[in-house]
Structure formats: C-alpha cells, structure tokens
Amino acid sequence: MFFHDDALFPENQEKLVITVAPYGPEWEPGDFRDDLPLTMDEHVQQAVDCYEAGATVLHIHVRELDGKGSKRLSQFNELLSRLREAVPEMILQVGGSISFAPEGAGADAKWLSDDTRHMLAELDPKPDQVTIAINTSQMNIVELMTDDDIAGTSFTRPEVYEAYREMYVPAGPGWVEEHLMRLQANGIQPHFQLSSIPQLETVERLIRRGGYTGPMMVTWVGIGGGFDGPNPYNMMEFIRRVPDGAVLTLETLMRSCLPVNTMAIAMGLHTRCGNEDTLWGRKGEKMTSVRQIEQLVRIAGELGREVATGKEARQIYRLDERYRDADETLAKIGFAPNRKPGQVGFTHHA
C-alpha cells in the first residue's frame with residue numbers, strides 16, 4: 066500500500082470498519098461467562114450490543130448448549146436468520162473454520178473436513194462473507210499466550226493446551242480453488258485470512274490465473290505459532306505488499322490487540338477485536354467484546370477518524386461488486402497487469 070505525505074490525516078482516510086469476533090469458540094463458557102454467549106438468544110443479543118457499540122462486521126461462530134463450538138450448519142442457519150432481523154446493516158462474516166474446539170479430553174483441536182467446510186457456501190440465509198485460509202500451515206494459537214493470558218481458563222488444563230498447541234490449518238490448493246468457486250457462485254464474498262507474505266503471494270497468483278475475480282478483502286492474522294507474530298516489522302512489510310485497492314484489517318491476539326488496532330486506526334486501515342482474539346484489557350483485567358469496541362471508538366475519536374456506519378461499511382467492502390476476468394480484477398485491486406505475449410520489462414496500469 067502506498068502512503069502519500071497526507072495519508073495519516075484522518076480526513077483522507079476511509080472511515081473505520083470495526084470487525085468484532087464475540088463468540089470465542091476456543092474458550093469454554095466458564096472462562097468468561099459474562100461475555101461468552103451460550104443460548105441462541107445470547108448470541109443474537111451479543112451481536113446487537115456489538116453493533117450498537119460501533120462494530121459493523123460480525124465474525125460468526127455458534128456455541129451449543131453444552132458449551133462446545135457448534136459443527137451443525139442448522140445452527141448457523143438459525144443464527145444467520147435471526148441476525149438478518151436483529152442487525153440488518155451488519156456485515157455477517159462466517160468463520161471458515163466453523164469450529165475447531167476439541168471434543169473430550171485429549172482430543173485434537175482440528176478443523177472439519179474439506180467437504181463439510183464447502184457446505185458453508187450453502188448456508189441459508191447466505192452470509193455476506195466467509196473467511197478463507199490459504200496454504201496449509203501450523204496454527205499453534207498458544208505459542209504467544211503467557212501464563213497471565215490463560216490464568217483461570219480452560220487452557221490451564223494440559224490436554225486443552227496441548228490440543229491447541231498442535232493445531233494446523235488445512236488449506237491446500239485444490240480445496241482453496243474449489244471453495245472460492247463455490248462461494249463466488251453463490252454470491253458470497255471470500256475474506257482472505259492471511260498469516261504471512263507467502264500466503265498473500267498465493268492469493269495474487271490465484272487472481273492472475275483467474276481463480277478469483279472480485280474485490281480483495283484481507284485480514285493480516287499476526288498470532289504467531291506458524292503465522293506472523295505481532296512484530297511491527299512483519300506487519301509493516303505485509304502492509305507494504307498489499308495492493309492499494311484491497312481493504313486490509315489487522316488482527317492479533319491477547320494484549321497485543323490494542324496496540325496493533327491503534328496502529329491500524331492511525332494508518333487508515335481497519336480493526337478487529339472481541340473475545341475470540343483476547344479476553345483482556347489491562348493486565349489481569351478481563352474486558353468484554355463490547356468494551357473493546359467502545360475503546361476503539363474512543364481511540365478513533367481521539368485521532369479524528371470517523372467510524373463507519375453499517376451502510377458505509379458495506380460500501381467500503383464492495384459486497385456487490387463482481388469483476389469480469391483476471392485483467393479487470395488486477396486493475397481494480399491495484400496489482401500490476403499480467404504480461405502480454407512478447408512484452409518485456411516491468412508491467413504497469415495506465
């Protein structure tokens with residue numbers, strides 16, 4: 066992304082889109098019962114509260130009454146239907162992992178089968194977005210967690226900790242191509258969850274070969290354990306490599322969330338918060354998803370950056386745009402064009 070001399074002036078920045086992930090599928094309800102919804106009514110109320118606080122993108126998982134993350138698509142359909150009524154202007158973004166919570170002592174924390182994940186393209190009512198991982202990789206979400214981060218939670222149980230330590234993301238090229246095709250065919254926008262520049266480069270190659278034609282929505286996921294860590298050098302190099310026409314959100318975990326989100330606000334990028342990413346405010350003090358949103362709204366206000374309404378967020382995300390082919394997609398997103406036969410030297414858009 067290119068930063069002009071006046072790029073840090075808030076009047077030259079897009080309005081801030083706040084994504085909230087308030088369903089924390091990795092946690093057990095008792096880890097923070099005040100903020101982890103259990104019943105369907107609680108799921109819906111959580112969305113309403115987050116929207117009223119200022120979040121306009123809702124990252125969705127569903128919990129069963131036994132406290133485990135739901136793997137039933139019927140549960141997702143029911144929640145999506147109720148959310149369309151309760152928060153009609155929110156962008157509904159289903160987490161492509163569905164649920165990775167381990168079942169029973171010593172069970173693996175793993176994503177569902179490829180065929181099951183493809184069924185996210187068949188949800189009814191359909192979500193606005195489904196997140197998609199690129200390239201199979203380790204996803205050890207506890208690598209950066211401190212003793213303070215997990216104190217008093219289910220992660221202090223060795224079998225739970227070990228399950229998440231050994232987790233990985235299955236996202237091979239065949240599955241990615243098929244999943245993108247199904248999402249696009251059903252009018253669902255993919256939201257690319259990328260952990261590093263190699264994954265960003267894979268997305269670019271997919272676009273160059275016509276495997277994806279549409280706006281580029283990206284979240285940089287700096288959570289360590291096989292992903293980039295929340296190191297500013299990692300973050301800034303990723304930002305530098307993202308094309309100018311993409312929409313970029315920054316995500317990390319635990320008490321790195323606030324400083325990374327603050328940098329995102331200042332640079333004209335977008336933010337993500339919620340109990341899926343962190344349970345904490347100040348050290349040792351739990352902080353609800355709603356309070357995290359309110360904190361980001363305050364910081365944006367101090368920096369002079371306006372927060373997008375639901376309608377404005379939908380415009381920023383270009384949910385209704387579709388592109389003809391690879392050439393149009395490259396031009397709209399801001400990648401250099403493909404090389405024409407016989408063309409030499411560097412390529413650039415007129």
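Sequence positions in the sequence shown follow the numbering used here and run 66 to 415. Beta carbons: idealized from backbone N, C-alpha and C, even for Gly. Keep in mind that this is a model prediction, so the values were computed, not measured.
Checklist entry - What are the start and end residues of the alpha helix (DSSP H) that includes L334? => result Unbroken run through L334: none, as it is neither H nor E.
Checklist entry - Would the beta-carbon of I398 fall within 7 Å of that of P308? => result yes
Checklist entry - Who are the near neighbours of P190 in its chain, counting only those whose CB is closer than 8 Å to its CB and skipping five residues on each side? => result N142, L145, S146 and R149
Checklist entry - Between the C-alpha atoms of D342 and Q408, what's the straight-line distance to the nearest angstrom? => result 46 Å
Checklist entry - To the nearest angstrom, how far is it from the Cα of A415 to the Cα of T394? => result 15 Å
Item to check | For Y233 and S162, the rounded distance between their alpha carbons | outcome: 11 Å
Item to check | Own chain, CB closer than 7 Å to R230, minus 5 neighbours either side, in chain order | outcome: N205 and V207
Checklist entry - Taking the C-alpha atoms as reference points, what is the distance between R98 and M352? => result 12 Å
Checklist entry - Exposed or buried, M301, counting other C-beta atoms within 10 Å across all chains shown (16 or more means buried)? => result That one is exposed.
Item to check | For M282, the residue or residues it bridges with in DSSP | outcome: DSSP output for M282 lists V312 as bridge partner(s).
Next on the checklist: How far does the alpha helix (DSSP H) with P295 in it extend, from its first residue to its last?
Outcome noted: P295 -> no alpha helix (DSSP H), and no H or E assigned at all.
Next on the checklist: Taking 7 Å as the threshold (C-beta atoms), are W92 and L103 in contact?
Outcome noted: The criterion of a C-beta distance shorter than 7 Å is not satisfied by L103 and W92.
Item to check | When C338, R320 and L384 are compared against A420, the one with the closest alpha-carbon | outcome: There is simply no residue 420 to check, as the chain begins at 66 and stops at 415 in what is shown.
Checklist entry - Excluding sequence positions up to five away, which residues of its chain have a Cβ less than 7 Å from the Cβ of S261? => result Excluding sequence neighbours, S261 sits near F292 and D293.
Checklist entry - How about G339 and S321: are their beta carbons less than 7 Å apart? => result Taking 7 Å as the Cβ cut-off, G339 and S321 do not qualify as a contacting pair.
Checklist entry - DSSP state of S146, grouped into three classes? => result helix
Item to check | V85 to R389 span [Cα, whole Å] | outcome: Spanning the two alpha carbons is a distance of roughly 32 Å.
Checklist entry - Out of P87, G349, H413 and F67, which has the shortest C-alpha to C-alpha gap to Q357? => result P87
Item to check | Residues of its chain near R128, where Cβ-Cβ distance is below 8 Å and the 5 sequence neighbours each way are ignored | outcome: Result list for R128: Y88, P90, P94, L101, P102, L103, H108, G134 and S135, in chain order.
Item to check | Other residues of its chain near Q258: CB distance less than 7 Å, five sequence neighbours each side excluded | outcome: Sequence-distant partners of Q258 (beyond 5 residues in either direction) whose C-beta falls short of 7 Å from its own C-beta, in its chain, are T196, I197, A198, T284 and V286.
Checklist entry - Closest to V82 by CA distance: which of V113, L188 and V122 is it? => result It is V122.
Checklist entry - Since P75 and R363 are thought to touch, with beta carbons under 8 Å apart, how far apart are those beta carbons, to the nearest angstrom? => result Not confirmed; about 14 Å, so no contact.
Checklist entry - Do the CB positions of A329 and L315 come within less than 7 Å of each other? => result yes
Item to check | Cβ-Cβ distance between G160 and H183 below 7 Å | outcome: At the C-beta level, G160 and H183 stay beyond 7 Å of one another.
Checklist entry - Which ranges would you report for the beta strand (DSSP E) in the stretch 199-281 if only whole runs of at least 3 residues count? => result 254-259
Checklist entry - Between the C-alpha atoms of V152 and G410, what's the straight-line distance to the nearest angstrom? => result 50 Å
Checklist entry - Cα separation between G333 and F68? => result 10 Å
Item to check | CA-to-CA distance, D71 to L368, given in whole angstroms | outcome: Roughly 14 Å separates the two Cα atoms.
Checklist entry - Over what stretch of residues does the alpha helix (DSSP H) that includes L395 continue unbroken? => result A391 to I398
Checklist entry - Should A216 be labelled buried (16 or more other beta-carbon atoms within 10 Å of its own) or exposed? => result exposed
Item to check | Cβ-based neighbour list, R404, same chain, cut-off 7 Å, excluding 5 preceding and 5 following | outcome: T412
Checklist entry - Should N326 be labelled buried (16 or more other beta-carbon atoms within 10 Å of its own) or exposed? => result It is buried - the Cβ of N326 has at least 16 other Cβ atoms within 10 Å.
Checklist entry - What three-state label does DSSP hand Q380 in the structure shown? => result helix
Checklist entry - Is it true that the CB of E386 sits closer than 7 Å to the CB of P280? => result yes
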